[in-house]
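With this note's numbering as the guide, the letters of the sequence shown map in order to residues 60 to 404.
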Amino acid sequence: MPENLAPILVTGTAGFIGSHVALRLLSQGKRVVGVDNLTPYYDLALKRARRDRLLAYPNYVDFEIDLADAKATAELFERHRPDRVVNLAAQPGVRYGLDHPRGYTHSNIEAFLSILEECRRHKVRHLVYASTSSVYGANSTMPFSERHRADHPLSIYAATKRANELMAHSYSHLFNIPTTGLRFFTVYGPWGRPDMAMFKFTRGILTGEPIDVYHGGNMERDFTYVDDVVDGIVGILDVIPDIDPSWSSDDPHPASSGVAPWRIYNIGNSRPVNLMRYIEVIEKCAGRKANLNFLPMQSGDVLRTSADVSALEAATGNRPSVSVEEGVRRFVEWYRSYYGVEGGE
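As structure tokens, this is what we get:
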């Protein structure tokens, strides 16, 4: 099938980032095959509403399968033969892994192996997949750079995502599959996940319920608006990695390879925001004050994240542009509209 006619496979299309990526590609006239298994990790009505936006496009087809099912995944690839794959399906969340570790190996390891196997069999032109800033774990040097090692993850989630990066390198080397991993930094925006801070804080502030704030709010996150993230994902999709001729085994670059068409990039905002400042912006946009419930630091959390995004900017020409003030305003407006919440007091 000619490349301009072959579809792009996007996994996790009922999810937050996956639905936004699919929508962007569809709006560009691309053919998209979407996959999601609609796990009940959070509100299925929200997932279905995201999916319904995509089903309005004639150039979109949707499948509800578990990617860890190797047979079903093989049949999907055989039927649609995508030339590029954006793998955003995963079991997300740091705290969930404290009680449900097997969910991560199923969704983040077994499912990813199915994707890699089919990319090998069908000689996919480029696999772009989601990793996470959580792989930096115990690192304390800021901003986090792809040149830093990522050998000490602090959560099961992060460990499985780091495993994805290593699995991709092996497949890139063994089977010459170009793969690119993107380390996401705290993505937020309309249609976001209910387990994320932005969603929880907005809901609590608008309903008057207490919101949990860990470590006294003395934490910083590289909050990144979803449109900026989509810009990076779609931009890197056409930047096919190759073996890095400057790579040296004497001083190996951790984010490129001298033996495989493999790359890793940070995808973030590069302007960290204090958690209390974040809450203040939500309060202003919501027109209400928060009822704060301060709690100790949670296992698996880190105090600060900050992204060096210079490598992705050089590769795509894109740089995050949406401020926290503007991004929060857009989210609160969406939340009010979607849930039918009236204006602030």
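Built from N, CA and C at the ideal position, the CB exists for glycine as well.
Source: prediction; values computed, not measured.
Item	Value
How would you write the range of the beta strand (DSSP E) that A189 sits in, first residue to last?	H185 to T191
Only counting runs of 3 or more residues, tell me where the beta strand (DSSP E) segments fall wholly within the stretch 298-365, in order along the chain.	321-326 and 350-354
Mapping DSSP to helix, strand and coil, what is D287?	helix
Beta strand (DSSP E) containing V92: first to last residue?	V91 to V94
Using the beta-carbon count (16 or more within 10 Å), is P117 buried or exposed?	exposed
Given a cut-off of 8 Å on the beta-carbon distance, is the pair L147 and G93 in contact?	no
Do A319 and T232 come within 8 Å of each other at the CB atom, strictly closer than that value?	Rather than Thr, the amino acid found at residue 232 in this sequence is His. Against a cut-off of 8 Å, the Cβ pair of A319 and H232 comes out as a contact.
State the DSSP-derived secondary structure class of G74, mapped to helix, strand or coil.	coil
Quick check on the DSSP output: the alpha helix (DSSP H) that includes P269 runs from which residue to which?	Premise fails: P269 lies in the beta strand (DSSP E), P269 to Y273, not in any alpha helix (DSSP H).
Considering only the beta carbon of each residue, do V285 and G248 sit closer than 8 Å?	yes
Please report whether the beta-carbon of T72 lies at a distance below 8 Å from any beta-carbon of chain D.	As a matter of chain content, chain D is missing from the structure shown, which is built from one protein chain.
If we ignore side chains and look at the alpha-carbon of each, how far apart do C344 and F260 end up?	12 Å
Within a Cβ cutoff of 8 Å, which residues of the same chain sit near H139, ignoring the five residues on either side of it in sequence?	P66, L68, V92 and V120
Report the rounded CA-to-CA distance for A115 versus H165, giving the unit in angstroms.	31 Å
How is I264 classed by DSSP in three states: helix, strand or coil?	helix
Sorted by chain position, which residues of the same chain lie with C-beta nearer than 7 Å to R109's C-beta, five sequence neighbours on each side aside?	A73, S78 and W250
Mapping DSSP to helix, strand and coil, what is R233?	For clarity, residue 233 is Leu in the given sequence; the question names Arg instead. DSSP places L233 in helix when its eight states are reduced to three.
Under the three-state reduction of DSSP, which class applies to Y247: helix, strand or coil?	strand
Let's see if you can read the secondary structure: which residues bound the beta strand (DSSP E) around D121?	Y119 to F122
Let me make sure I understand the geometry here. Which of R378, V400, S365 and E268 has the alpha-carbon closest to that of V194?	S365
What is the DSSP secondary structure of F203, counted as helix, strand or coil?	strand
Classify V387 as helix, strand or coil using the three-state DSSP reduction.	helix
Assuming contact is defined by CB atoms lying nearer than 8 Å, are N377 and G291 in contact in what I supplied?	yes
Give me the residue from I76, V153 and N333 with the minimum Cα distance to V145.	I76
Where DSSP assigns a beta bridge to T164, which residues make up the other side?	The partner list for T164 (beta bridge, DSSP) is empty, contrary to what the question assumes.
Roughly how many whole angstroms lie between the Cα atoms of I295 and A189?	12 Å
Check this for me: beta carbons of T245 and A227, under 8 Å apart or not?	no
Touch check for the stretch 350-369 and the stretch 304-312: three-plus C-beta pairs under 8 Å?	no
Hey, could you find the ends of the beta strand (DSSP E) R138 is sitting in?	Run containing R138: none in the beta strand (DSSP E); it sits in the alpha helix (DSSP H), A129 to H139.
Classify G88: buried if its beta carbon has 16 or more other beta carbons within 10 angstroms, exposed otherwise.	exposed
Do G317 and I299 come within 8 Å of each other at the CB atom, strictly closer than that value?	no
Checking 8 Å against the spacing of the C-beta atoms, do L82 and L113 come in under that value?	yes
If we ignore side chains and look at the alpha-carbon of each, how far apart do R143 and I215 end up?	28 Å
Anyone know if the C-beta pair for V289 and V80 falls short of 8 Å?	yes
If I follow the unbroken beta strand (DSSP E) through R143, where does it start and stop?	R143 to N146
Roughly how far, in whole angstroms, is the beta-carbon of H274 from the beta-carbon of M356, given that I think they are within contact range, below 8 Å?	4 Å
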